[in-house]
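Student: If you read the sequence shown in the numbering used here, its first letter stands for residue 4, the second for the next number, and so on.
Below is a structure I'd like to ask you about.
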Amino acid sequence: MKPWRVLRRQAAPLLVAGLLALALRGQNPEELRVTVGKSVVLDYPADIARISTSNPDVVDAVAVSTREILLHAKGHGTATVVVWARSGERSFYTVTVEHNLAPIRQLLEQTFPGEEIHLASARDSVTLTGAVSSQEVSDRAAALVASLAKTVVNHLRVRPPAVDKQILLRVKFAELDRDATSQFGASIVSTGATNTVGRLTTGQFGAATPDAVEARGTSFRITDALNVFAFRPDLDLAAFLKLLESQALLQVLAEPNLVTSDGKEASFLVGGEFPVPVLQGGAMAGAVTVQFREFGIRLHFTPQITPNGTIRMFVRPEVSTIDLMNAISIGGLTIPALATRRTETHIELAERQSFVIAGLIDDRVRATFSQIPGLASIPILGELFKSREKKRSKSELLVMVTPEIVRPLEPGEPAPEIDMPIEFLERFKRGQRMGYDGRLKGN
């Protein structure tokens, strides 16, 4: 067989494979993305014969050497670059010139930190995707990009607002009473020869009442608790003395639990309102209107959760009572005064920490004297014919506050178990077995 025939047979498959590769390369062009205003250099695998671009306004292609191509992105859009090799091969490149998104991304990150904003460029448009916290952020982001791109497609999604954290404030109002009460009084009873009874009392307590007056003796019914009793049978004289002292202790006034959102004010009032006449002036001069003023146990508080998880609060507790001792009279009308104890404070606590506000002391002394005219003026013995009561009212207000962060239940989330006292549960179970007539339904 001749050599040229053998060479032709061997080259034929190679030629077919090369033509097939060129055909596939032309059908599937290589895609390139270039930022507008920038240039890239392509290394071509063969010697370049000629270069052509479909849109010189978008991409300018120049052969800078036998195997290097310089692509310069001039405007937004897409162009096809065709390269012919000296051997006859052709290569196709689809070049997309897009916006320079780096400065836009940097500007968005600085302007909206923490927001999820993504950018995508297509020809002369920029598309915004992602999720943001509010519609205002979405509109502002689109306005920023509009200054750098010809067309802006805003596909930003607004996330549903998160539920605000809530703060539960557990408060206890307690009054520490330091009352000291002292009482003194006397009652003297005497029986005469004719079985008659004479009684004399200062009025501090009920006098002893004779139950029976007989020859063998006289018995008495005592209607009040006494401390001292004296009797002289030879004089048929009995004396009853009363000396009492008492003290009170702690009393819880109120235990409110208040819930409010982060940064919102909550208030609490247990008490009432009393009328106050107000004299009008101007065209209604001389007219009297009535205004009502509140009194009782009041609490205002405004909590705020700090970034480090603590709770910063403004707390204003107040306890006020009607004070008739300092009331005034105007035109026959009595206007009572208010005895008020109030405090304001700013404090920062960790969750479930407690603090106590104390030192709000109310100190009052009231004395009442009674006596029997004439007999009370007798030296020494006259003290038995006097009655006096001295009461000192001294109380201290205590306010105990404990904040706690709570959150609402999500849909479908089971409710937490509530620990109840055993006595309450037993009464509740018994109540379930009760009928409308109050009788038990079973054993």
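Note that beta-carbon positions come from the ideal geometry of N, C-alpha and C, so glycine has one too.
Per DSSP, what kind of secondary structure is I51 in: helix, strand or coil?
Tutor: In the structure shown, I51 sits in a strand (DSSP, three-state: E or B).
Student: Between the C-alpha atoms of S94 and A82, what's the straight-line distance to the nearest angstrom?
Tutor: If I take the Cα positions, the gap works out to 14 Å.
Student: Looking at the structure shown, is G91 part of a helix, part of a strand, or coil, going by DSSP?
Tutor: Coil at G91, not helix or strand.
Student: Start and end of the alpha helix (DSSP H) containing I107?
Tutor: Where I107 is concerned, the enclosing alpha helix (DSSP H) stretches over 105 to 114.
Student: Distance, Cα to Cα, V140 vs L73?
Tutor: So the alpha carbons of these two residues sit roughly 41 Å apart.
Student: Which stretch, first to last residue, makes up the beta strand (DSSP E) that contains A66?
Tutor: That run of the beta strand (DSSP E) goes 62 to 68.
Student: Using the three-state DSSP reduction, which class does A288 fall into: helix, strand or coil?
Tutor: A288 falls in the coil class under three-state DSSP.
Student: Would A134 pass as a contact of R108 if the rule is Cβ separation under 8 Å?
Tutor: Their beta carbons are not under 8 Å apart, which means A134 does not touch R108 by this criterion.
Student: What residues in its chain sit with their C-beta under 8 Å from that of Q283, if we drop five residues either side in the sequence?
Tutor: Cβ neighbours of Q283 beyond the five flanking positions: G289, A290, V291, T292.
Student: Alpha helix (DSSP H) containing E139: first to last residue?
Tutor: Looking at the DSSP string, the run of the alpha helix (DSSP H) that includes E139 is 138 to 149.
Student: With DSSP run on the structure shown, which of helix, strand or coil describes E119?
Tutor: Here E119 sits in strand by DSSP.
Student: Can you name the start and end residues of the beta strand (DSSP E) that I375 belongs to?
Tutor: That residue, I375, is in no beta strand (DSSP E); it is neither H nor E in DSSP.
Student: Give me whichever residues DSSP pairs with S390 in a beta bridge.
Tutor: DSSP, once it has assigned bridges, lists S373 as partnering S390.
Student: Alpha carbon to alpha carbon, how far is F317 from I331? Give it in angstroms, no decimals.
Tutor: Those two C-alpha atoms are separated by around 35 Å.
Student: Does DSSP classify G78 as helix, strand or coil?
Tutor: Note: G78 maps to coil in three-state DSSP.
Student: Could you say if the stretch 372 to 381 and the stretch 356 to 364 meet the contact criterion of at least three C-beta pairs nearer than 8 Å?
Tutor: Judged by Cβ distances under 8 Å, the stretch 372 to 381 makes no contact with the stretch 356 to 364, as fewer than three pairs qualify.
Student: Please state the DSSP three-state secondary structure of L238.
Tutor: Any reading at L238 needs caution, since the residue's pLDDT is 43, under 50, leaving its predicted position unreliable; the model's value is listed next. Three-state DSSP puts L238 in coil, outside helix and strand.
Student: Using DSSP bridges, identify the partner residues of M316.
Tutor: M316 is bridged to P306, I350.
Student: Please report the straight-line C-alpha distance between I453 and S264, rounded to a whole angstrom.
Tutor: What is shown of the chain runs 4 to 446, which leaves residue 453 out entirely.
Student: Does the Cβ of A105 have 16 or more other Cβ atoms within 10 Å, making it buried, or fewer, making it exposed?
Tutor: Burial call: exposed.
Student: Helix or strand or just coil, what does DSSP make of G385?
Tutor: G385: helix per DSSP, three-state reduction.
Student: Pull up the distance between the alpha-carbon of R156 and that of A125, whole angstroms please.
Tutor: Reading off the sequence, residue 156 comes out as Val, not Arg. Roughly 10 Å separates the two Cα atoms.
Student: Run through DSSP, which three-state label would A125 get?
Tutor: A125: strand per DSSP, three-state reduction.
Student: May I have the straight-line CA-CA distance separating R235 from S380, to the nearest angstrom?
Tutor: Bear in mind that a pLDDT of 45 at R235, under 50, signals an unreliable position, so the model cannot answer this.
Student: Return yes when the Cβ of N260 is within less than 8 Å of the Cβ of L171, no when it is not.
Tutor: Cβ distance < 8 Å, so L171 and N260 count as in contact.
Student: Quick one: is A286 buried, meaning 16 or more other Cβ sit within 10 Å of its Cβ, or exposed?
Tutor: A286 should be labelled exposed.
Student: Under a three-way DSSP split, which group does G299 fall into?
Tutor: In the structure shown, G299 sits in a strand (DSSP, three-state: E or B).
Student: Can you tell me where the beta strand (DSSP E) holding K175 begins and where it ends?
Tutor: Residues 169 to 180.
Student: Taking Cβ to Cβ, would you say R296 is nearer than 8 Å to E351?
Tutor: Not in contact: R296 and E351 (Cβ atoms no closer than 8 Å).
Student: Name the DSSP beta bridge partners of D365, please?
Tutor: DSSP, once it has assigned bridges, lists S398 as partnering D365.
Student: Any idea what DSSP makes of L412, helix, strand or coil?
Tutor: Residue state, collapsed to three classes: coil.
Student: Hey, out of I333, T348, E347, D326, whose CA is closest to L468's CA?
Tutor: Residue numbering for the chain in the displayed model covers 4 to 446; residue 468 lies beyond these limits and cannot be assessed.
Student: Residues in the same chain with beta-carbon distance under 8 Å from I313, minus the five sequence neighbours each way, listed in chain order, please.
Tutor: Checking the sequence, you will find Thr at residue 313 rather than Ile. Correct list, in chain order: E351, L352, A353, E354.
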